[in-house]
Amino acid sequence: MAESEGQDTEKSEDPTAKRLEDAIKRGDVAKSQEVNTWFLLLGATVAMFMFGSPSANKLAVAFRDVLGNLHLATDSSLVMRAILRLFLQVLTAIGPVMAVLVLAAIAGNVVQHRLLWTTEPLAPKLNRISLASGAKRIFSKHALVQFVKGILKLVIVGSVIYVIGSSEVERMGLLINGELGLTISVTFILALKIMAAVTAIMALVAAADYLWQQHSWYERQRMSVREVREEYKEQEGDPTIKAKLRQIRQSRSRKRMMQEVPSATVVVMNPTHFAVALKYEQGMGAPICVAKGQDNIALKIREVAYRHAVPVVQNPPLARALFKSVEIDQEIPVEHYKAVAEVIGYVMKLRNSARNGGIRG
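For the sequence shown, the working numbering assigns the number 1 to the initial residue and increments by one for each residue that follows.
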């Protein structure tokens, strides 16, 4: 019993489509922070390349104009006006860069999953402030992976700075006593090189982390045998009850069918495997099937037919064909008209012969 309970609670089953969909609706999605970071790095690199130099020039001009003339302000209103002008100029200078970073942040989320609006992750949960849960999170596999990623990123960034910086150290030394503008320009190009190199290498880290997060999320959604059964019951109903109801419906259907056998004109049989009861009356377009069955049900139809003096004709090919091609309360298909007409004609001839013989007697 204990082993059975263990199997019921062990998360051994793949998650169902409903389980995955419900998790997404709750805001529980596979999300790689490294992908978001990479998009921000990419956005920052693109922004530096496209707007870095113009933005830096605008900032330099803004600070030089405002701060250089600030001593000329004679009252506080002029000072406030100068500060406001500086703020607007700074905003204008860094606006394009900020716009690129915002778009990069949005893209980092959209490429991982569709835009999802839910407040459930914000709902307070007691296990978030539980000491036991906190300790589990600190010493979990997830925490270990995060620690390793942190070390790896430090090594990558440090290595890139060292390699690129080493190749540029001689040139930077020559700029110590050079023009400020040239120094800023060379430093900017060096920073751009470092950003581009870090972004390129971090793409591999982001891709690996994305695959890991997808795997981890899928594993978190795995289900126990009991959970699969419970979900199936919610979706489809209890299979035991459904089977019982289906059995009851079939039993009632067979009972109604057997009640129609006495009204049949003839029962066409394959001796023990198939039986089809047909009814034909004057004015009908074609004979209709009032009952049919296979194996035990076929024998039951034959038994009821004998009991109520309904003729039973042995015709295996026709019995098989009718069983497969006609449903209860439906007319027989056109392709069987001739064969069925011969059978019904034969039955009518027997009835007329029996009736005439009885009168003569």
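Beta carbons: idealized from backbone N, C-alpha and C, even for Gly.
Of the listed residues 197, 24, 304, 299, nearest to residue 112 (C-alpha basis): Within the sequence shown, residue 112 is the residue found at index 112, counting from 1. Of the candidates 197, 24, 304, 299, the one whose C-alpha sits nearest the C-alpha of residue 112 is 24.
Of the residues 288, 13, 308, the one placed nearest residue 344, counting alpha carbons only: Translated into positions along the sequence shown, residue 344 becomes position 344. Across the set 288, 13, 308, the C-alpha of 288 shows the shortest separation from the C-alpha of residue 344.
Classification of residue 83 by the beta-carbon crowding that lies within 10 angstroms, buried from 16 upward: Numbered from 1 along the sequence shown, position 83 holds the residue referred to as residue 83. Result: exposed.
Residue 89, DSSP secondary structure in three states: What you label residue 89 is simply residue 89 of the sequence shown in a count that begins at 1. Correct three-state label for residue 89: helix.
Under the three-state DSSP convention, the category residue 284 falls into: The residue given as residue 284 occupies position 284 in the sequence shown. Shown here, residue 284 sits in coil according to DSSP, grouped into three states, outside any helix or strand.
Same chain, Cβ closer than 7 Å to residue 197, five either side skipped, listed in chain order: Numbered from its first residue, the sequence shown carries residue 197 at position 197. If we look at residue 197 and ignore the five residues flanking it on each side, its Cβ neighbours are 160, 164.
CA-to-CA distance, residue 331 to residue 283, given in whole angstroms: One-based indexing of the sequence shown puts residue 283 at position 283. One-based indexing of the sequence shown puts residue 331 at position 331. C-alpha separation (whole angstroms): 13 Å.
Cβ separation of residue 316 and residue 352, assumed to be a contact under 8 Å, to the nearest whole Å: In the sequence shown, residue 316 corresponds to position 316, counting from 1. In the sequence shown, residue 352 corresponds to position 352, counting from 1. Rounded, the Cβ-Cβ distance is 26 Å, inconsistent with contact.
Opening and closing residue of the alpha helix (DSSP H) in which residue 279 lies: Here residue 279 refers to the residue found at position 279 of the sequence shown. In the DSSP assignment, residue 279 falls outside any alpha helix (DSSP H) and within the unbroken beta strand (DSSP E) covering 274-279.
Residue 291 and residue 260 closer than 8 Å at C-beta: The count along the sequence shown starts at 1 and reaches residue 291 at position 291. The count along the sequence shown starts at 1 and reaches residue 260 at position 260. Closer than 8 Å, so yes.
Own chain partners of residue 360 with C-beta closer than 6 Å, once the 5 adjacent residues on each side are dropped: Within the sequence shown, numbered from 1, the residue matching residue 360 stands at position 360. Caution applies to residue 360, whose pLDDT of 39 falls short of 50 and renders its modelled position unreliable; the model cannot decide the point.
Cut-off 8 Å between Cβ atoms - residues of its own chain near residue 40, not counting five sequence neighbours on either side: For the purposes of this step, residue 40 is taken as residue 40 along the sequence shown, with counting starting at 1. Cβ within range, chain order: 101, 104, 105, 108.
Three-way DSSP call (helix, strand, coil) for residue 358 in this model: Locating residue 358 in the sequence shown gives position 358, where the first residue counts as 1. The predicted position of residue 358 is uncertain, since its pLDDT is 48 and thus under 50; no value can be drawn from it.
Nearest residue (CA-CA) to residue 87, options 110, 99, 76, 58: For the purposes of this step, residue 87 is taken as residue 87 along the sequence shown, with counting starting at 1. Residue 58 is the option with its Cα nearest to residue 87.
Residue 270 - DSSP class collapsed to helix/strand/coil: Indexing the sequence shown from 1 puts residue 270 at position 270. The three-state secondary structure of residue 270, taken from DSSP, is strand.
Residue span of the beta strand (DSSP E) that contains residue 314, given as start and end: Along the sequence shown, read from residue 1 onward, the residue named residue 314 stands at position 314. Per DSSP, the continuous beta strand (DSSP E) segment holding residue 314 begins and ends at 312-314.
Sheet register partners of residue 292 (DSSP bridge): Locating residue 292 in the sequence shown gives position 292, where the first residue counts as 1. Listed as beta-bridge partners of residue 292 by DSSP are 276.
C-alpha distance - residue 321 paired with residue 272, whole-angstrom precision: The residue you call residue 321 lines up with position 321 of the sequence shown. The residue you call residue 272 lines up with position 272 of the sequence shown. Whole-angstrom Cα-Cα distance: 15 Å.
Residues near residue 2 in its chain [Cβ-Cβ closer than 7 Å; skip 5 each side]: Counting from 1 along the sequence shown, the entry for residue 2 is found at position 2. Bear in mind that a pLDDT of 47 at residue 2, under 50, signals an unreliable position, so the number given afterwards is only what the model happens to contain. Contacts found: none.
Secondary structure, alpha helix (DSSP H): runs of 4+ residues fully inside the stretch 208-239: Qualifying alpha helix (DSSP H) stretches, in chain order: 225-236.
For residue 56 and residue 140, the rounded distance between their alpha carbons: Within the sequence shown, residue 140 is the residue found at index 140, counting from 1. Within the sequence shown, residue 56 is the residue found at index 56, counting from 1. Residue 140 and residue 56: Cα-Cα distance of roughly 45 Å.
C-beta atoms of residue 13 and residue 205 nearer than 8 Å: Counting from 1 along the sequence shown, the entry for residue 13 is found at position 13. Counting from 1 along the sequence shown, the entry for residue 205 is found at position 205. No. Outside cutoff.
Residue 168 beta carbon less than 8 Å from that of residue 190: For the purposes of this step, residue 190 is taken as the residue at position 190 of the sequence shown. For the purposes of this step, residue 168 is taken as the residue at position 168 of the sequence shown. Yes, they are a contact pair.
Host alpha helix (DSSP H) of residue 34 (start-end): Your numbering for residue 34 matches position 34 in the sequence shown. Here the alpha helix (DSSP H) through residue 34 covers 33-47.
Counted within 10 angstroms of its Cβ, other Cβ atoms place residue 324 as buried (16 or more) or exposed: Residue mapping note: residue 324 aligns to position 324 of the sequence shown, counting from 1. The residue is exposed, with fewer than 16 neighbouring Cβ atoms inside 10 Å.
Three-state secondary structure (DSSP) of residue 10: Position 10 of the sequence shown, counted from the first residue, corresponds to residue 10. In this structure, residue 10 counts as coil in the three-state DSSP scheme.
Span of the alpha helix (DSSP H), counted from its first residue to its last, around residue 24: In the sequence shown, residue 24 corresponds to position 24, counting from 1. Counting along the chain, the alpha helix (DSSP H) containing residue 24 begins and ends at 17-25.
Neighbourhood of residue 91 by C-beta, 8 Å cutoff - its chain only, sequence neighbours within 5 removed: For the purposes of this step, residue 91 is taken as residue 91 along the sequence shown, with counting starting at 1. Leaving aside the five residues that flank residue 91 on each side, none in its chain has a CB nearer than 8 Å to its CB.
Contacting residues, own chain, Cβ-Cβ under 8 Å from residue 50 (five flanking each side not counted): As a first step, residue 50 is located in the sequence shown; it is residue number 50 there, counting from the start. 96, 100.
Among 354, 346, 209, nearest to residue 38 - alpha-carbon criterion: For the purposes of this step, residue 38 is identified with residue 38 of the sequence shown, where counting begins at 1. Of the listed residues, the one whose Cα sits closest to residue 38 is 209.
Inter-residue spacing [alpha-carbon to alpha-carbon] between residue 305 and residue 276: Looking up residue 305 in the sequence shown gives position 305. Looking up residue 276 in the sequence shown gives position 276. Those two C-alpha atoms are separated by around 11 Å.
Beta-carbon spacing of residue 326, residue 266 below 8 Å: As a position in the sequence shown, residue 326 is number 326, starting the count at 1. As a position in the sequence shown, residue 266 is number 266, starting the count at 1. Cβ distance not < 8 Å, so residue 326 and residue 266 don't count as in contact.
Bridge partner(s) assigned by DSSP for residue 331: As a first step, residue 331 is located in the sequence shown; it is residue number 331 there, counting from the start. The bridge partners DSSP lists for residue 331 are 288.
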